[in-house]
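Residue numbering for the sequence shown follows our numbering, starting at 4 and increasing by one per position.
C-beta atoms are modelled at their ideal positions from N, C-alpha and C, and glycine is treated no differently.
The structure appears below as structure tokens.
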Amino acid sequence: MAERDPAGMLERLLAIRDVAGDRRDRVTHVEWLPARAATPVDWPGWAPSSLVARWQERGIVTPWAHQRAAAEIAHAGRSVVIATGTASGKSLAFQLPALSAAVAGTAAPDGRGATVLYLSPTKALAGDQARALGELDPPGVRIAAYDGDTSREERDWARRHAAYVLTNPDMLHHGILPGHARWAGFLRSLRYVVVDEAHAYRGVFGSHVAQVLRRLRRICRSYDADPAFVLASATVAEPAASARRLVGGPVEAVTTDCSPRGATAFALWEPPFTTVRGEHGAPVRRAATAEVADLLTDLVIDGAQTVAFVRSRRAAESVAAATREHLDEVEPWLSGRVAAYRGGYLAEERRDLEAALQSRRLLAVAATNALELGIDIAGLDAVLLAGYPGTRASFWQQVGRAGRGAQGALAILVTRDDPLDGYLAHHPEALFGRPVEATVLDPDNPYVLAPHLAAAAAELPLRPEELDDFGPASARVVETLVERGLLRRRPAGWYWTRRERAADLADLRGSGGAPVRVVEARTGRLLGTVDAAAAPRTVHEGAVYVHQGVAHLVRSLDLDDSAAVVEVAMPDYTTTARELSDLRVLRTTQTVPWGEVGVHVGDVEVTGQVVSYVRRRLGTGEFLGETPLDLPPRTLRTRAVWWTVPAAVLSSAGIGAAATGGALHAAEHAAIALMPLFATCDRWDVGGLSHPLHPDTGQPTIFVHDAHPGGVGFAERGFLAAREWLTAIRDAIAACPCDEGCPGCVQSPKCGNGNAPLDKARSVRLLRVLLADGADRGRHGR
Ligand SMILES: [Zn+2]
Ligand SMILES: [Zn+2]
């Protein structure tokens, strides 16, 4: 296949006129990433030559500078995070020190003088790493994967003999730490803890994992081991600070990528408005998936091998089907070279797909981000994204599939009709400039902390001087555990009093409450479960529930019985639940005055109730109607950030009492939608509320709150990034070409007030007032 020139590929796509007319004005920005030459360096002198030879046999002649820089820090016994792009060889950066120690340790009497614990967020990734290590075959190093599928014999062998153990945080939490005595030999020799895909540890899950790692450090200390943590992360804001919050100790960062790269063109592509009307007659843009199916067709005809990333399995199927249909009309012999990849495949099926892509038998694949982890494809000609995947890490991981090594490639982000995507279409610096999105987690959340303190006490009596390691809230939380009779104070420290396993108190990936079972009506078969807290909005009566790509309709939801009954259906619409909420301020922890305006963060109690759902036509987003629901309210104690704006300030900006509600409400919607620019979350992780005269603040107020019990750091991140956040909200609303508000700016799909009142024009004025007062004070500190 001839070398592909990204500029030519893009030019040919733009020259095509399609059903919606000229394509040129849909491209809002093209970012050219020039080719980058690699910076190779020598192998470190401490790396055993037998190990270096194995890498060289596999084509790695020398490491790149960033790999060696990270390896040197770890080798010196200090913790390090390497935060660089996809395909920058982060694995070598942690394998170099880890395997060097393990190889050198094979001379010890027990055959493992130094041990390594490798953690990955998914079993599949740990499996891939284990396979790759097996192929590398480092001399004398015994490698073992340790997960839920490992047999008892294999587990015994791993504990007694393995020097390099690959596992996940769940196994560490439920298995290794509670049974640490049986791992004594391994833990005593533990030199490195590798934390791969560290950016995946965010939100509630990340907060739990942070406490699991604090327990690990404590247990290691009891065996006189002090391992260095080596983290591999996607590029994020403040990688050292995030890594420190995750592992609970100092971490240095390596962020300069010295790997080679081919010239890449990134286009930001905004679909045109259609004749379809949305809620309150709002204009609606063409669906990103429809636009992507067109582009995929044109790229296939052009001979460019392309992957299109979409959000759901259902969308993957529909994009692949639409592309085949388009091809059938013009070049029917090509339609057999298009496939959908939905994830959940067996290893063999994945390898078949890899082989079909490598041989170019397949030219186009529509995939969910299941492709991100678990399949190795190199050197695609082009990548299409139907919508921003939610985080910069996912974005770069997906576009990184194109043009591996020095080969050029084309990547196109086709934006969806929402404020976040619309903002990115016109602010390329948010994607290509310095990252502002940080990995957010909060290990101090008392709901997260309590079960881990109990688990720690069950592992070894917890001594008062150890509490500091678990964060400032731990003394108070231990007291509560004593009051609840779970811990007892004795001279040596706090003890776990129960017969049950303390580790079972915490589910690292859940948010508490009995999960709701989803049952098929006809067969009584259990299809899956959903989180109790999420059930009212995901499996309410009438909701579309998608299971393995098959759409179902929810017939009934019984919250007392924790069951939802569903049946297979083929609705031509999607559903979105709408929620009303009420909020009480419990405690203000910090306030920064911006002139007359106040920015606050604190504890709140939110009462939320799913009140209705709306249906929108699949593919076009046309608004089909709203149906009321009768579900009980739920109360949540959490954290919030809020702004108070005195009525006098508003009226001087021409926002009278009658218009205040609509202006605040519009700004609140955009604030929620744009939060993911600054924190790794999606719009369901945060909620909001605005009030023209909130009883607890006595002023017009906009609240944005964390949707998880106790909060996991979103409110704090919003507070710290308040100025940038408000600027982005103002710019997003002001730049939208609609007149009265649309899904691309101030309308919210989950608004319990039916997107009324919303005053787009005055919300921009409100934000200008907020920012003018903020400017007087400059940036506030932390
Ligand atoms: Zn708009
Ligand atoms: Zn609303």
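Go to residue i, then tell me how far its alpha helix (DSSP H) extends in each direction, as first and last residue.
i: Ile415; result: No alpha helix (DSSP H) holds Ile415; the beta strand (DSSP E) holding it covers 412 to 417.
i: Gln612; result: No alpha helix (DSSP H) holds Gln612; the beta strand (DSSP E) holding it covers 600 to 620.
i: Asp709; result: Asp709 -> not in any alpha helix (DSSP H); beta strand (DSSP E) instead, spanning 704 to 709.
i: Ile675; result: 660 to 677
i: Gln593; result: That residue, Gln593, is in no alpha helix (DSSP H); its beta strand (DSSP E) goes 576 to 597.
i: Ile222; result: 206 to 225
i: Thr300; result: 291 to 304
i: Ile732; result: 725 to 738
Our contact map puts residue i next to residue j with C-beta atoms below 8 Å; I'd like the distance itself, whole angstroms only.
i: Ser654; j: Glu671; result: The pair is not a contact, with the Cβ atoms about 20 Å apart (cut-off 8 Å).
i: Ala231; j: Arg81; result: 6 Å
i: Val233; j: Ala23; result: About 50 Å separates the two Cβ atoms, so there is no contact after all.
i: Gly281; j: Gly622; result: Going by Cβ atoms, the distance from Gly281 to Gly622 rounds to 14 Å, so no, they are not a contact pair.
i: Leu34; j: Pro431; result: Before going on, a small fix: residue 34 reads as Glu here, not Leu. Contact flag correct, Cβ pair sits at about 6 Å.
i: Arg419; j: Gly390; result: 4 Å
i: Leu452; j: Phe473; result: 7 Å
i: Gln400; j: Thr89; result: 5 Å
i: Met12; j: Leu413; result: 5 Å
i: Leu249; j: Leu219; result: The pair is not a contact, with the Cβ atoms about 12 Å apart (cut-off 8 Å).
i: Cys748; j: Pro422; result: 6 Å
i: His177; j: Ala517; result: His177 to Ala517, Cβ: 19 Å. No contact.
i: Asp297; j: Asp21; result: 6 Å
So residue i is in the beta strand (DSSP E); what residue range does that whole segment cover?
i: Glu332; result: Taken as a continuous stretch (DSSP letters only), Glu332 belongs to no beta strand (DSSP E), being part of the alpha helix (DSSP H) at 316 to 333.
i: Trp272; result: 267 to 272
i: Glu570; result: 566 to 571
i: Arg71; result: Not the beta strand (DSSP E): Arg71 falls in the alpha helix (DSSP H), residues 68 to 78.
i: Val521; result: 519 to 523
i: His32; result: 30 to 36
i: Val64; result: Note, Val64: premise wrong, no beta strand (DSSP E); not H, not E.
i: Pro631; result: 626 to 631
i: Ala343; result: 341 to 344
i: Asp561; result: 553 to 561
i: Arg645; result: The question names Arg, but residue 645 in the sequence shown is Trp. Segment 637 to 647, the beta strand (DSSP E) holding Trp645.
i: Leu490; result: 490 to 493
i: Pro286; result: 286 to 288
Does the Cβ-Cβ distance between residue i and residue j come in under 7 Å?
i: Val106; j: Pro142; result: yes
i: His262; j: Gly92; result: Checking the sequence, you will find Ser at residue 262 rather than His. Their beta carbons are under 7 Å apart, which means Ser262 touches Gly92 by this criterion.
i: Ala74; j: Pro100; result: yes
i: Leu729; j: Leu773; result: yes
i: Ile732; j: Trp646; result: no
i: Leu416; j: Leu271; result: yes
i: Ala1; j: Cys745; result: The displayed coordinates of the chain run from 4 to 785. Any statement about residue 1 would go beyond what the structure contains.
i: Gly488; j: Leu465; result: no
i: Gln410; j: Gly306; result: no
i: Arg642; j: Asp709; result: yes
i: Pro695; j: Thr663; result: yes
i: Val287; j: Val279; result: yes
i: Leu560; j: Glu582; result: no
i: Leu761; j: His668; result: yes
i: Arg191; j: Tyr226; result: yes
i: Ala244; j: Val310; result: no
i: Leu54; j: Leu102; result: yes
i: Tyr548; j: Thr578; result: no
i: Glu352; j: Arg29; result: no
Given the structure, does residue i come close to ligand 1, in the sense that its CB is under 6 Å from one of the ligand's heavy atoms?
i: Gly3; result: Since the first and last residues shown for the chain are 4 and 785, residue 3 lies out of range.
i: Cys754; result: no
i: Cys741; result: yes
Please indicate yes or no: does the CB of residue i lie closer than 6 Å to some heavy atom of ligand 3?
i: Gln361; result: This structure lacks ligand 3; the ligands present are ligand 1 and ligand 2.
*Below 8 Å, can you find three or more Cβ-Cβ pairs linking the stretch 120 to 131 to the stretch 169 to 189?*
Enough Cβ pairs lie closer than 8 Å, so yes.
_Tell me whether the stretch 713 to 729 and the stretch 442 to 457 touch, counting them as touching only if at least three CB pairs, one residue from each stretch, are closer than 8 Å._
Yes, since at least three Cβ pairs between the stretch 713 to 729 and the stretch 442 to 457 fall closer than 8 Å, the two stretches touch.
*Taking three-plus beta-carbon pairs below 8 Å as touching, is the stretch 675 to 688 in contact with the stretch 642 to 653?*
Counting Cβ pairs under 8 Å, fewer than three are found: no touch.
*Kindly confirm or deny that the stretch 514 to 532 and the stretch 551 to 571 touch, where touching means at least three C-beta pairs closer than 8 Å.*
Per the Cβ contact rule, the stretch 514 to 532 is in contact with the stretch 551 to 571 (3 or more Cβ pairs under 8 Å).
*Three or more beta-carbon pairs under 8 Å between the stretch 351 to 367 and the stretch 333 to 342, yes or no?*
With the cut-off at 8 Å, the stretch 351 to 367 and the stretch 333 to 342 touch.
*Contact between the stretch 190 to 205 and the stretch 43 to 55: three or more CB pairs below 8 Å?*
With a cut-off of 8 Å, the stretch 43 to 55 and the stretch 190 to 205 do not count as touching, because too few Cβ pairs lie within range.
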